[in-house]
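K.L.:
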Amino acid sequence: MLTLKQSRRLNTLVVGLFAWAIALLLFFPIFWMLLTSLKTEIDAFATPPQLIFTPTLENYLQIQDRSGYFKYAWNSVTISFGATALGMLIAIPAAYSMAFYETKRTKGTLLWMLSTKMLPPVGVLVPIYLLAKQFGMLDSRAVLIIIYTLINLPILVWMIYTYFKDIPRDILEAARMDGATLMQEMVRVLLPISKGGLASTMLLSLILCWNEAFWSLNLTSSNAAPLTALIASYSSPEGLFWAKLSAVSTLACAPILIFGWISQKQLVRGLSFGAVK
Amino acid sequence: MADLKVHNLKKSFDGNDIIKGIDLDIRDREFVVFVGPSGCGKSTLLRLIAGLEEVSSGRIELDGRDITDVSPAKRDLAMVFQTYALYPHMTVRKNMSFALDLAGADKQEVARKIEAAARTLELEPLLERKPRQLSGGQRQRVAIGRAIVRNPKVFLFDEPLSNLDAALRVQMRLELSRLHQELQATMIYVTHDQVEAMTLADKVVVLNGGRIEQVGSPMELYHNPANLFVAGFLGTPKMGFLKGRASRVEASGCEVELDAGCRLFLPVSGTTLNAGDPVTLGIRPEHLNRGSEGNCQLTVKADVSERLGSDTYCHVVTGNGEQLTMRIRGDFTPRYGESLSLTLEAAHCHLFDSNGVAVGQSLQLAA
Ligand SMILES: Nc1ncnc2c1ncn2[C@@H]1O[C@H](COP(=O)(O)OP(=O)(O)OP(=O)(O)O)[C@@H](O)[C@H]1O
Ligand SMILES: [Mg+2]
């Protein structure tokens, strides 16, 4: 028989192993991608896969040479940040009015907004493509910024709404009694209090924009193409260059992974500092 | 100067009338307390005055100026909330200076005002702390400080002490009283605690169901309640009520025959009663005496007693099942079920007609 202490220890061990197994499972594709990107095309193609090989940065250099990685990266950055900024600009006032001036229809509106996310994007591809064409916005960053803003808006509003909901109304009313205008109430009281929540919302929006591939592939070709389009361009027409595909994927994921990792630490701090009570 | 006038103020939420026509006149430097049972609309009335709710109809005037549609920011009123509502991301100093900063006040002037308020409220060592590093009582003081530095025309308080423990509440009550004396400011204070109402107020406004039941000084309300509601609401333990009917009405008073089985003559003047009308007689616990000397004797059965040391509150039941509370000396405790003789002091009885409205005038203050 195990003593209580022993069985507890065993429990912790099992749970720990399980967690590690899942973490490895999730991490493995990324690890394999990184590994493959450092191989030559021949090594990458070998069966069985080789674990021991001479690493090379050749693939990375070729990508920059052939396609100009930084142009795509810059597009990704401007589009993601642009759409996030625009989205926040619309979502914050929307969430404010829903959280603090709730009406009978508020809950319904929120659900309806979220339900638009259930529509398959391909269902509206043709009308949106035609609209973009009409306005001469095909292959422009502006069109992606607008589309990304719109598709992420329901999530942004919903998230910010839940953060605002946690803020006691009294605090805003106190600011109003103290002579704050609506703008001052928002900028000097509401936003600082909810900065942790707003930051995580922004991070999520950035990640969603960064990884979006459907619209970027369909609405851009060269000028405004972000990194997702760059990856796609390596996958089909040039045959199976696994090592280069891995390298370009690594390059596409790396910035947002690193950014996310750094800001996560800030976020945790921000969240615990922003506590209301 | 701060004269606040409210004319026929009404407010409804989604078709429910919550405030049903309030007329009120609050004079400069008065300490006015709104008191009433939960849900009667005290907070709503205060928020209407603050401008945090829009009025449905009626008018609010401050110093002769119509402020009914003025935004709360421009009314020059300060409010202290039940939840304190401090800005969690600002230090105590910033919390207090926020309003002045917004108004673009001179930096040195602001600093001076904050020092002064901090000294009054003993907040000096806490100025650089954030609200979450403060205790409930300290937060409350910061909330009051935030109001003081603005030097507003009227202070509004919505149950500011109800989140504090009993001892702190008593202490803060005294501090508020002192503050009112020092600042000579007009204050409106909402509470459901009648002890706070009695001790703090110059003028008590008793609200019930969105209407004013009575307005007056604490002693007026205590000694001359205008109706059964006010009579039963103010005073602990509650006033006891006995049913009966008017058996003889004269110019100098009225003889009442109680269902509990005794008859007494009440010196109420100006009654509109007719002989035979049903009435309710009210008597406070301190005006019931043990013994058999007196003009109205009741035989009652002792229910439970509450011993407070100095006094004992003895709950008794009359022969016909009506309940009374009697305040007696602390060294006497009747046994449960014991039979007692009581007398009522006729001079201190209140008489109410069948609508619950006080009949005539009962005995006057400190007579
Ligand atoms: N924003 C609102 N929407 C709908 N009904 C409301 C609103 N605010 C208050 N009420 C209703 O108005 C009534 C009075 O509320 P109020 O808060 O003024 O009561 P109160 O006298 O302050 O009570 P308490 O002592 O419990 O604080 C209640 O029945 C409440 O449900
Ligand atoms: Mg209230």
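Chains as they are written, first to last, in this note's numbering: chain Y, 2 to 278; chain Z, 99 to 465. The beta carbon of each residue, even a glycine, is placed where N, CA and C say it ideally should be.
Got a sec? Which residues, its chain only, sit under 8 Å from Y:G88 by beta carbon, not counting five neighbours each side?
P.N.:
Y149, T150, N153, L154, L157 and S206
K.L.:
Distance check for Y:F71 and Y:P122, CA to CA, integer angstroms please.
P.N.:
28 Å
K.L.:
Z:Y185 by DSSP, collapsed to three states: which one?
P.N.:
coil
K.L.:
Could you please give me the residues that DSSP links to Z:P376 through a beta bridge?
P.N.:
Z:R343
K.L.:
Which stretch, first to last residue, makes up the beta strand (DSSP E) that contains Y:I119?
P.N.:
The sequence shown places Met at residue 119 of chain Y, not Ile. Unbroken run through Y:M119: none, as it is neither H nor E.
K.L.:
Please give me, in chain order, every unbroken run of the beta strand (DSSP E) with length at least 3 that falls completely inside the region 369 to 420 of chain Z.
P.N.:
If you keep only unbroken beta strand (DSSP E) runs of at least 3 residues inside the region 369 to 420 of chain Z, you get 376 to 381, 386 to 388, 395 to 405 and 409 to 416.
K.L.:
Roughly how many angstroms separate the alpha carbons of Z:T334 and Z:P383, rounded to a whole number?
P.N.:
9 Å
K.L.:
Residues bridged to Z:M285 by DSSP?
P.N.:
Its beta-bridge partners are Z:F129 and Z:F253.
K.L.:
Got a sec: does ligand 2 put a non-hydrogen atom nearer than 7 Å to the Cβ of Z:K140?
P.N.:
yes
K.L.:
Closer than 8 Å, CB to CB, is Y:I161 near chain Z or not?
P.N.:
With 8 Å as the cut-off, Y:I161 does not count as an interface residue toward chain Z.
K.L.:
Are Z:M317 and Z:I381 touching if we call contact CB-CB under 8 Å?
P.N.:
no
K.L.:
Between Y:S98 and ligand 1, is there a pair consisting of the residue's CB and a ligand heavy atom that are separated by less than 7 Å?
P.N.:
no
K.L.:
Is it buried or exposed for Z:T378, if we count other Cβ within 10 angstroms and need 16 for buried?
P.N.:
Counting Cβ neighbours within 10 Å, Z:T378 comes out buried, since at least 16 surround it.
K.L.:
Measure the C-alpha to C-alpha separation of Y:P49 and Y:A233 and round it to an integer number of angstroms.
P.N.:
26 Å
K.L.:
What does DSSP give as the partner residue(s) for Z:I117 in the beta ladder?
P.N.:
Z:K109
K.L.:
Given that a residue counts as buried once 16 or more other Cβ atoms are within 10 Å of its Cβ, and exposed if not, what is Z:G389?
P.N.:
exposed
K.L.:
Give me the chain Z residues within the contact set of Y:D180, using Cβ-Cβ distance strictly less than 7 Å, ordered along the chain.
P.N.:
The sequence shown places Gly at residue 180 of chain Y, not Asp. What Y:G180 touches in chain Z: A171, A197, L200 and A201.
K.L.:
Is the shortest distance between the beta-carbon of Y:E174 and the beta-carbons of chain Z less than 8 Å?
P.N.:
yes
K.L.:
Nearest-angstrom Cα distance between Z:A176 and Z:L277?
P.N.:
15 Å
K.L.:
Going along chain Y, which residues have a C-beta under 7 Å from Z:Y185?
P.N.:
I172 and V190
K.L.:
Do you know how far the Cα of Y:F101 is from the Cα of Y:G109?
P.N.:
Inter-residue distance for Y:G109 and Y:F101 is about 16 Å (C-alpha atoms, whole angstroms).
K.L.:
Using a threshold of 7 Å, is the CB atom of Z:D256 nearer than that to any non-hydrogen atom of ligand 2?
P.N.:
yes
K.L.:
Under the rule that 16 or more other beta-carbon atoms within 10 Å means buried, what is Z:F331, buried or exposed?
P.N.:
buried
K.L.:
Under three-state DSSP, which class holds Z:K228?
P.N.:
coil
K.L.:
Taking any Cβ of chain Y, which residues in the region 208 to 231 of chain Z have a Cβ under 8 Å from it, in chain order?
P.N.:
R230
K.L.:
Would you check whether ligand 1 has a heavy atom nearer than 7 Å to the C-beta of Z:D115?
P.N.:
no
K.L.:
Sorted by chain position, which residues of the same chain lie with C-beta nearer than 6 Å to Z:L281's C-beta, five sequence neighbours on each side aside?
P.N.:
Nothing listed; no residue qualifies.
K.L.:
Determine the direct distance from the alpha carbon of Z:Y320 to that of Z:S145, and round the result to whole angstroms.
P.N.:
It is worth fixing the name first, because residue 145 of chain Z is Arg in this sequence and not Ser. A direct Cα-Cα distance of roughly 27 Å separates Z:R145 from Z:Y320.
K.L.:
Would you report the Cα separation of Y:L18 and Z:A209, rounded to the nearest angstrom?
P.N.:
Spanning the two alpha carbons is a distance of roughly 59 Å.
K.L.:
Going by beta carbon distance, what residues of the same chain come within less than 7 Å of Z:R191, once the five residues before and after it are set aside?
P.N.:
Answer for Z:R191: I212, L225 and E226, listed in chain order.
K.L.:
Comparing the C-beta of Y:I147 with each C-beta of chain Z, is any distance below 8 Å?
P.N.:
no
K.L.:
Report yes if the C-beta distance between Z:A358 and Z:E420 is below 8 Å; otherwise report no.
P.N.:
yes
K.L.:
Does any residue of chain Z bring its CB to less than 8 Å from the CB of Y:I194?
P.N.:
yes
K.L.:
Hey, is Y:R177's beta-carbon within less than 8 Å of any beta-carbon in chain Z?
P.N.:
So, interface residue.
K.L.:
Is Z:V288 a contact residue of ligand 2, with contact defined as CB to any heavy atom under 7 Å?
P.N.:
Set against 7 Å, the gap from the CB of Z:V288 to the closest heavy atom of ligand 2 is smaller.
K.L.:
Can you confirm whether Z:A283, when its beta carbon is compared against all beta carbons of chain Y, has any partner nearer than 8 Å?
P.N.:
no
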